[in-house]
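Participant: I'd like to ask some things about the structure below.
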Amino acid sequence: MNEKAFPAFESFITDLRTLWDEGQSEAPDHWEKVRSRLGDLIKDETLQQASINWPGKRGEELILYHDPDHGFFVGGLVRPREHQARAHDHAHTWTAYGVLYGREKTTLYKRTDDGSVTGKATLELLAEYEAPQGHVDLVPPWQIHAESNFGDRSVAITVRTEKPGGYAQNMFFPELGTTDMSHKGLKLIPFPLAA
Ligand SMILES: [Fe+2]
-18 MNEKAFPAFE SFITDLRTLW DEGQSEAPDH WEKVRSRLGD LIKDETLQQA SINWPGKRGE
42 ELILYHDPDH GFFVGGLVRP REHQARAHDH AHTWTAYGVL YGREKTTLYK RTDDGSVTGK
102 ATLELLAEYE APQGHVDLVP PWQIHAESNF GDRSVAITVR TEKPGGYAQN MFFPELGTTD
162 MSHKGLKLIP FPLAA
């Protein structure tokens, strides 16, 4: 992939690096700025059109960029038609999640047990709303949620505190009242859009 084909992505990474240079990457304000900047990126029609041909499928995340200095990660998630995701969290990390192509829905949950019994968890539905092309969600640490495709193929861009896979996340099975606390995220596929 020739990174020069995506000047919007290059300048996005430059702006994120400047933001991370401020040293506030755990602050909600920092992530509001990431949300805003990601919202601009996903308006880029060249990137939208290119994503039609991105590889990737259920259970995979494209590595679009991983910052060598600050550790933040930019991923691509391609969801097939009618892909219903399972409730999960992103552990201690923050995520900004922007819908680049297609349309999705976001579901938010609240945990109703006290977490005192290992492997047990009960959830309550908090909210469910449409996430069309251009929508950006912020996922704070431990927020239980699911992003699902409810139409044709969709593509989302994630900005994460760190590369997934190096920490355990919760994957919830509300129909069983259980949680798998050892989930390591999706299979990562290198697909760099910027050096
Ligand atoms: Fe998620």
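Numbering-wise (this note's numbering), the sequence shown opens with residue -18 and increments by one. Each residue gets a CB set at the ideal place from its N, CA and C atoms; glycine is no exception.
Going by beta carbon distance, what residues of the same chain come within less than 6 Å of residue 155, once the five residues before and after it are set aside?
Facilitator: As a first step, residue 155 is located in the sequence shown; it is residue number 174 there, counting from the start. Taken in chain order, the residues that qualify are 104.
Participant: Rounded C-beta distance between residue 122 and residue 74? I'm assuming under 8 Å.
Facilitator: The sequence position of residue 122 within the sequence shown is 141, counting from 1. The sequence position of residue 74 within the sequence shown is 93, counting from 1. Residue 122 to residue 74, Cβ: 6 Å. Contact.
Participant: Beta carbon of residue 128: closer than 7 Å to some heavy atom of ligand 1?
Facilitator: Mapped onto the sequence shown, residue 128 falls at position 147. Correct: residue 128 has its Cβ closer than 7 Å to ligand 1.
Participant: Can you tell me the Cβ-Cβ gap for residue 169 and residue 146, rounded? I've got them flagged as a contact below 8 Å.
Facilitator: In the sequence shown, residue 169 corresponds to position 188, counting from 1. In the sequence shown, residue 146 corresponds to position 165, counting from 1. With a Cβ gap of about 6 Å, residue 169 and residue 146 count as contacting.
Participant: What are the partner residues of residue 169, as DSSP defines its beta bridges?
Facilitator: Position 188 of the sequence shown, counted from the start, is the residue given in the question as residue 169. Its beta-bridge partners are 42.
Participant: Among 133, 117, 24, 130, which residue has its Cα nearest to the Cα of residue 16?
Facilitator: Numbered from its first residue, the sequence shown carries residue 16 at position 35. With distances taken between Cα atoms, residue 16 lies closest to 117.
Participant: Please determine, among 22, 157, 80, the residue with the shortest C-alpha to C-alpha distance to residue 178.
Facilitator: Because the chain spans -18 through 176 in this model, residue 178 falls outside it and cannot be assessed.
Participant: Give every residue of the same chain whose Cβ lies closer than 6 Å to the Cβ of residue 63, excluding the five residues on either side of it in the sequence, and list them in chain order.
Facilitator: The sequence position of residue 63 within the sequence shown is 82, counting from 1. There are no such residues.
Participant: Determine the DSSP secondary structure at residue 125, reduced to helix, strand or coil.
Facilitator: Taking the sequence shown and counting its residues from 1, the one referred to as residue 125 is at position 144. Strand.
Participant: I need the DSSP call for residue 144, collapsed to helix, strand or coil.
Facilitator: The count along the sequence shown starts at 1 and reaches residue 144 at position 163. Assigned with DSSP and collapsed to three states, residue 144 falls in coil, not helix or strand.
Participant: Measure from the alpha carbon of residue 132 to the alpha carbon of each residue in 23, 52, -4, 59, then state which is nearest.
Facilitator: By one-based count along the sequence shown, residue 132 stands at place 151. Of the candidates 23, 52, -4, 59, the one whose C-alpha sits nearest the C-alpha of residue 132 is 59.
Participant: I need the straight-line Cα distance from residue 6 to residue 160, nearest angstrom please.
Facilitator: The residue given as residue 6 occupies position 25 in the sequence shown. The residue given as residue 160 occupies position 179 in the sequence shown. For the pair residue 6 and residue 160, the Cα-to-Cα distance works out to about 28 Å.
Participant: Is the beta carbon of residue 71 within less than 7 Å of some heavy atom of ligand 1?
Facilitator: Here residue 71 refers to the residue found at position 90 of the sequence shown. The answer is yes for residue 71.
Participant: Per the DSSP calculation, residue 185 is bridged to which residue(s)?
Facilitator: Residue coverage of the chain in this structure runs from -18 to 176, which leaves residue 185 outside it and unanswerable.
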